[in-house]
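Each residue of the sequence shown is one higher than the last, beginning at 929 in my numbering.
Ideal Cβ placement from N, Cα and C applies to all residues, glycine included.
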Amino acid sequence: MKDGRLEAKRIADSVGYVRVPPPTARGSEFLADFQATVEGLGDVKTLIVDLRWPVALGYRVIDPVLQFFVRGRLQMSPVMRRVHLGWNEDNSHSAYQQKWEVSAGTGLRPIQQAEWFVAALSPGTDFSKLKPIDTPTVLLVNRPFASRYYRALDALQSQPGVAVVFEPSGPPLGEPPFRLAFPEGVAVQLSTDLLVGHSGQAGFRPDIVTDGPIAPDQLAAVAERALAAESRESRVESRPPCWWI
929 MKDGRLEAKR
939 IADSVGYVRV
949 PPPTARGSEF
959 LADFQATVEG
969 LGDVKTLIVD
979 LRWPVALGYR
989 VIDPVLQFFV
999 RGRLQMSPVM
1009 RRVHLGWNED
1019 NSHSAYQQKW
1029 EVSAGTGLRP
1039 IQQAEWFVAA
1049 LSPGTDFSKL
1059 KPIDTPTVLL
1069 VNRPFASRYY
1079 RALDALQSQP
1089 GVAVVFEPSG
1099 PPLGEPPFRL
1109 AFPEGVAVQL
1119 STDLLVGHSG
1129 QAGFRPDIVT
1139 DGPIAPDQLA
1149 AVAERALAAE
1159 SRESRVESRP
1169 PCWWI
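What follows is the structure in C-alpha coordinates.
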(Lines of atoms letter the chains of each structure in order from A and count residues from 1; the text may use other names and numbers.)
(Lines give C-alpha, C1' and ligand atoms only; values in the text may rest on other atoms or scores of the structure.)
Protein backbone atom coordinates (compact mmCIF):
# COMPACT_ATOMS: atom_id res chain seq x y z
CA MET A 1 0.00 0.00 0.00
CA LYS A 2 1.55 3.24 -1.12
CA ASP A 3 0.15 6.70 -0.46
CA GLY A 4 -3.04 5.15 0.88
CA ARG A 5 -3.79 3.28 -2.32
CA LEU A 6 -4.99 -0.29 -2.70
CA GLU A 7 -2.28 -2.88 -3.19
CA ALA A 8 -3.19 -6.10 -5.01
CA LYS A 9 -1.20 -9.05 -6.29
CA ARG A 10 -1.22 -12.79 -6.69
CA ILE A 11 0.90 -14.45 -4.04
CA ALA A 12 0.32 -17.93 -5.51
CA ASP A 13 -1.24 -19.36 -8.66
CA SER A 14 -4.72 -19.40 -7.15
CA VAL A 15 -4.39 -16.98 -4.21
CA GLY A 16 -5.07 -13.26 -4.53
CA TYR A 17 -4.06 -10.62 -2.00
CA VAL A 18 -5.50 -7.14 -1.45
CA ARG A 19 -4.22 -4.69 1.17
CA VAL A 20 -6.87 -2.17 2.20
CA PRO A 21 -5.97 1.31 3.52
CA PRO A 22 -7.84 2.79 6.52
CA PRO A 23 -10.76 5.14 5.75
CA THR A 24 -8.65 8.24 6.36
CA ALA A 25 -6.57 7.35 3.29
CA ARG A 26 -9.47 6.55 0.94
CA GLY A 27 -10.94 8.66 -1.81
CA SER A 28 -14.58 9.15 -2.78
CA GLU A 29 -14.38 6.38 -5.42
CA PHE A 30 -12.72 3.86 -3.15
CA LEU A 31 -15.53 1.29 -3.12
CA ALA A 32 -15.68 1.07 -6.92
CA ASP A 33 -11.88 0.92 -6.99
CA PHE A 34 -11.88 -1.92 -4.46
CA GLN A 35 -14.29 -3.97 -6.57
CA ALA A 36 -12.25 -3.32 -9.72
CA THR A 37 -9.04 -4.25 -7.91
CA VAL A 38 -10.44 -7.59 -6.76
CA GLU A 39 -11.80 -8.33 -10.23
CA GLY A 40 -8.40 -7.44 -11.68
CA LEU A 41 -6.84 -10.38 -9.84
CA GLY A 42 -8.63 -12.70 -12.23
CA ASP A 43 -9.89 -16.17 -11.38
CA VAL A 44 -8.51 -16.94 -7.92
CA LYS A 45 -9.68 -19.68 -5.60
CA THR A 46 -8.76 -17.83 -2.40
CA LEU A 47 -8.79 -14.12 -1.61
CA ILE A 48 -6.83 -12.60 1.28
CA VAL A 49 -8.02 -9.15 2.40
CA ASP A 50 -5.40 -7.47 4.57
CA LEU A 51 -7.05 -5.18 7.13
CA ARG A 52 -4.11 -4.77 9.49
CA TRP A 53 -4.13 -1.08 10.41
CA PRO A 54 -1.61 0.92 12.46
CA VAL A 55 -4.31 2.50 14.66
CA ALA A 56 -8.05 2.06 15.19
CA LEU A 57 -9.33 4.73 12.82
CA GLY A 58 -12.52 4.11 10.91
CA TYR A 59 -16.28 4.26 10.75
CA ARG A 60 -17.96 3.79 14.11
CA VAL A 61 -20.41 1.04 13.13
CA ILE A 62 -19.10 -0.86 10.10
CA ASP A 63 -16.35 -0.63 7.53
CA PRO A 64 -18.04 -0.91 4.10
CA VAL A 65 -15.30 -3.22 2.83
CA LEU A 66 -16.76 -5.92 5.08
CA GLN A 67 -20.14 -5.49 3.41
CA PHE A 68 -18.71 -6.84 0.14
CA PHE A 69 -18.64 -10.23 1.88
CA VAL A 70 -22.23 -10.24 3.13
CA ARG A 71 -24.05 -12.80 0.95
CA GLY A 72 -27.42 -12.26 2.62
CA ARG A 73 -28.95 -10.42 5.53
CA LEU A 74 -26.89 -11.09 8.66
CA GLN A 75 -27.47 -10.22 12.29
CA MET A 76 -24.60 -9.17 14.52
CA SER A 77 -24.51 -10.90 17.90
CA PRO A 78 -25.39 -9.23 21.21
CA VAL A 79 -22.86 -8.03 23.76
CA MET A 80 -23.30 -8.41 27.53
CA ARG A 81 -21.92 -5.64 29.69
CA ARG A 82 -21.38 -5.70 33.46
CA VAL A 83 -22.32 -2.42 35.15
CA HIS A 84 -20.89 -1.53 38.55
CA LEU A 85 -23.59 0.03 40.75
CA GLY A 86 -21.54 0.53 43.89
CA TRP A 87 -21.58 -0.39 47.56
CA ASN A 88 -24.27 -0.07 50.20
CA GLU A 89 -23.52 2.39 52.99
CA ASP A 90 -24.38 -0.07 55.76
CA ASN A 91 -22.06 -2.81 54.45
CA SER A 92 -24.85 -5.36 54.62
CA HIS A 93 -24.53 -8.97 53.46
CA SER A 94 -25.21 -7.93 49.86
CA ALA A 95 -23.13 -4.77 50.06
CA TYR A 96 -21.84 -4.85 46.49
CA GLN A 97 -24.34 -4.36 43.67
CA GLN A 98 -23.96 -4.86 39.94
CA LYS A 99 -26.14 -5.65 36.95
CA TRP A 100 -25.79 -6.99 33.43
CA GLU A 101 -26.98 -5.08 30.39
CA VAL A 102 -27.41 -6.63 26.95
CA SER A 103 -26.77 -4.64 23.78
CA ALA A 104 -28.72 -6.26 20.96
CA GLY A 105 -27.01 -6.91 17.66
CA THR A 106 -27.93 -4.89 14.58
CA GLY A 107 -28.31 -6.03 11.00
CA LEU A 108 -25.38 -6.35 8.62
CA ARG A 109 -26.41 -5.57 5.05
CA PRO A 110 -24.77 -6.25 1.66
CA ILE A 111 -22.76 -3.48 0.03
CA GLN A 112 -25.62 -2.58 -2.33
CA GLN A 113 -27.58 -1.49 0.75
CA ALA A 114 -24.82 0.55 2.37
CA GLU A 115 -25.62 2.92 5.23
CA TRP A 116 -26.41 6.55 4.49
CA PHE A 117 -23.08 7.84 5.82
CA VAL A 118 -21.18 5.51 3.48
CA ALA A 119 -23.20 6.79 0.52
CA ALA A 120 -22.58 10.38 1.61
CA LEU A 121 -18.82 9.76 1.62
CA SER A 122 -18.95 8.10 -1.80
CA PRO A 123 -20.53 10.69 -4.13
CA GLY A 124 -21.07 9.42 -7.63
CA THR A 125 -20.87 5.75 -6.62
CA ASP A 126 -23.65 3.62 -8.09
CA PHE A 127 -24.18 1.12 -5.28
CA SER A 128 -26.46 -1.01 -7.46
CA LYS A 129 -23.38 -1.91 -9.54
CA LEU A 130 -21.34 -3.07 -6.57
CA LYS A 131 -21.38 -6.85 -6.25
CA PRO A 132 -20.91 -9.19 -3.31
CA ILE A 133 -17.69 -11.19 -3.41
CA ASP A 134 -18.32 -14.92 -3.10
CA THR A 135 -14.74 -16.13 -3.51
CA PRO A 136 -13.55 -18.02 -0.40
CA THR A 137 -12.05 -15.19 1.63
CA VAL A 138 -9.67 -14.78 4.54
CA LEU A 139 -9.94 -11.49 6.43
CA LEU A 140 -6.56 -10.72 7.98
CA VAL A 141 -7.00 -8.37 10.95
CA ASN A 142 -5.09 -7.04 13.95
CA ARG A 143 -6.03 -5.27 17.19
CA PRO A 144 -6.88 -1.84 15.68
CA PHE A 145 -9.36 -3.36 13.22
CA ALA A 146 -10.73 -6.23 15.29
CA SER A 147 -11.29 -4.19 18.45
CA ARG A 148 -13.54 -1.86 16.44
CA TYR A 149 -15.36 -4.36 14.20
CA TYR A 150 -15.31 -7.69 16.06
CA ARG A 151 -19.11 -7.97 16.01
CA ALA A 152 -19.22 -7.69 12.22
CA LEU A 153 -16.33 -10.14 11.86
CA ASP A 154 -18.17 -12.65 14.03
CA ALA A 155 -21.28 -12.32 11.85
CA LEU A 156 -19.28 -12.85 8.66
CA GLN A 157 -17.76 -15.99 10.17
CA SER A 158 -21.24 -17.51 10.34
CA GLN A 159 -21.17 -17.83 6.54
CA PRO A 160 -19.34 -20.64 4.74
CA GLY A 161 -16.25 -19.52 2.88
CA VAL A 162 -15.32 -16.59 5.16
CA ALA A 163 -12.54 -16.98 7.72
CA VAL A 164 -10.82 -14.53 10.07
CA VAL A 165 -7.13 -14.59 10.96
CA PHE A 166 -6.04 -12.44 13.91
CA GLU A 167 -2.50 -11.10 14.24
CA PRO A 168 -1.69 -9.66 17.71
CA SER A 169 -0.19 -6.39 16.50
CA GLY A 170 -1.08 -2.73 16.90
CA PRO A 171 -2.98 -1.00 19.72
CA PRO A 172 -6.66 -1.79 20.47
CA LEU A 173 -9.46 0.74 20.30
CA GLY A 174 -8.87 2.81 23.44
CA GLU A 175 -7.24 1.65 26.65
CA PRO A 176 -9.07 -1.39 28.09
CA PRO A 177 -10.73 -0.68 31.46
CA PHE A 178 -9.65 -2.42 34.66
CA ARG A 179 -6.18 -3.31 33.40
CA LEU A 180 -3.40 -4.03 35.89
CA ALA A 181 0.26 -4.29 34.89
CA PHE A 182 2.93 -5.89 37.06
CA PRO A 183 6.73 -5.39 37.01
CA GLU A 184 7.25 -8.97 35.82
CA GLY A 185 5.69 -8.01 32.49
CA VAL A 186 2.37 -9.66 33.31
CA ALA A 187 -0.85 -7.77 32.62
CA VAL A 188 -4.31 -8.67 33.93
CA GLN A 189 -7.43 -7.25 32.33
CA LEU A 190 -11.02 -7.47 33.55
CA SER A 191 -13.16 -6.94 30.49
CA THR A 192 -16.66 -5.68 31.21
CA ASP A 193 -17.97 -6.44 27.71
CA LEU A 194 -18.57 -9.98 26.46
CA LEU A 195 -19.69 -10.92 22.95
CA VAL A 196 -22.14 -13.79 22.67
CA GLY A 197 -20.95 -15.13 19.32
CA HIS A 198 -22.96 -16.51 16.42
CA SER A 199 -22.53 -20.09 17.69
CA GLY A 200 -23.29 -19.17 21.29
CA GLN A 201 -19.62 -19.07 22.26
CA ALA A 202 -18.27 -16.52 24.72
CA GLY A 203 -16.01 -13.92 23.17
CA PHE A 204 -14.78 -13.17 19.66
CA ARG A 205 -13.04 -16.26 18.29
CA PRO A 206 -11.04 -15.86 15.07
CA ASP A 207 -10.38 -18.99 13.04
CA ILE A 208 -6.64 -18.58 13.62
CA VAL A 209 -4.75 -16.48 16.19
CA THR A 210 -1.08 -16.18 15.26
CA ASP A 211 1.78 -15.90 17.73
CA GLY A 212 3.19 -12.82 16.03
CA PRO A 213 3.43 -10.92 12.74
CA ILE A 214 2.74 -12.98 9.62
CA ALA A 215 5.57 -12.93 7.10
CA PRO A 216 4.60 -12.36 3.44
CA ASP A 217 5.74 -15.85 2.46
CA GLN A 218 3.44 -17.35 5.10
CA LEU A 219 0.21 -15.72 3.92
CA ALA A 220 -0.89 -18.43 1.49
CA ALA A 221 -0.29 -21.23 4.01
CA VAL A 222 -2.13 -19.38 6.78
CA ALA A 223 -5.08 -18.73 4.46
CA GLU A 224 -5.24 -22.40 3.52
CA ARG A 225 -5.36 -23.39 7.18
CA ALA A 226 -8.10 -20.86 7.92
CA LEU A 227 -10.26 -22.13 5.09
CA ALA A 228 -9.76 -25.80 5.93
CA ALA A 229 -12.63 -28.06 4.97
CA GLU A 230 -13.35 -28.91 8.62
CA SER A 231 -16.76 -27.68 9.77
CA ARG A 232 -16.59 -24.26 11.40
CA GLU A 233 -19.30 -25.09 13.91
CA SER A 234 -17.55 -28.23 15.14
CA ARG A 235 -14.31 -26.41 15.94
CA VAL A 236 -15.52 -23.06 17.22
CA GLU A 237 -15.14 -24.03 20.89
CA SER A 238 -11.55 -25.16 20.33
CA ARG A 239 -10.49 -21.74 19.07
CA PRO A 240 -9.06 -19.34 21.67
CA PRO A 241 -11.12 -16.19 22.33
CA CYS A 242 -9.60 -12.74 22.11
CA TRP A 243 -10.26 -11.54 25.66
CA TRP A 244 -8.80 -8.11 24.90
CA ILE A 245 -12.16 -7.22 23.28
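Where does residue i sit, in a helix, a strand or coil, going by DSSP?
i     : result
D1082 : helix
T1063 : coil
D941  : coil
F1055 : helix
V1046 : helix
A953  : helix
V972  : coil
S1075 : helix
A1032 : coil
F962  : helix
E1112 : coil
Q1087 : coil
M929  : Bear in mind that a pLDDT of 42 at M929, under 50, signals an unreliable position, so the number given afterwards is only what the model happens to contain. Here M929 sits in coil by DSSP.
V993  : helix
R988  : coil
P1144 : helix
Kindly list the residues whose CB is nearer than 7 Å to the CB of residue i, restricted to its own chain and excluding five residues on each side of it in sequence; keep chain order.
i     : result
P895  : Since the displayed the chain opens at 929 and closes at 1173, residue 895 lies outside it and no answer follows.
A940  : A1148
L900  : An answer regarding residue 900 cannot be provided, because it is not within the stretch 929 to 1173 covered by the chain.
L1155 : T974, P1064, V1066, A1091
Excluding the 5 residues preceding and the 5 following residue i in the sequence, name in chain order all residues of the same chain whose CB lies nearer than 6 Å to its CB.
i    : result
W981 : P950, P1072, F1073
On the CB-based measure, 16 or more other CB atoms within 10 Å of its CB, does residue i come out buried or exposed?
i     : result
Y1024 : exposed
E1177 : Outside the shown range of the chain (929 to 1173) lies residue 1177, about which nothing can therefore be said.
P1088 : exposed
Q1026 : exposed
S1050 : buried
A1091 : buried
S1075 : buried
G1128 : exposed
V943  : buried
R1153 : exposed
F962  : buried
G1131 : buried
Sort out for me which residues DSSP pairs residue i with in a bridge.
i     : result
W1015 : Y1024
D978  : R947, L1068
M1008 : V1030, L1122
V1136 : One detail in the question is off: residue 1136 reads as Ile in this sequence, not Val. V1093.
E935  : R947
A1130 : V1124
L1002 : L1036
Whose C-beta lies closer than 8 Å to the C-beta of residue i among residues of the same chain, with five residues either side of it excluded?
i     : result
S1005 : G1033, R1079, D1082, A1083, L1123, V1124, G1125, H1126
Y987  : P951, F1045, V1046
R1009 : W1028, E1029, V1030, S1031, T1120, D1121, L1122
G1052 : S956, E957
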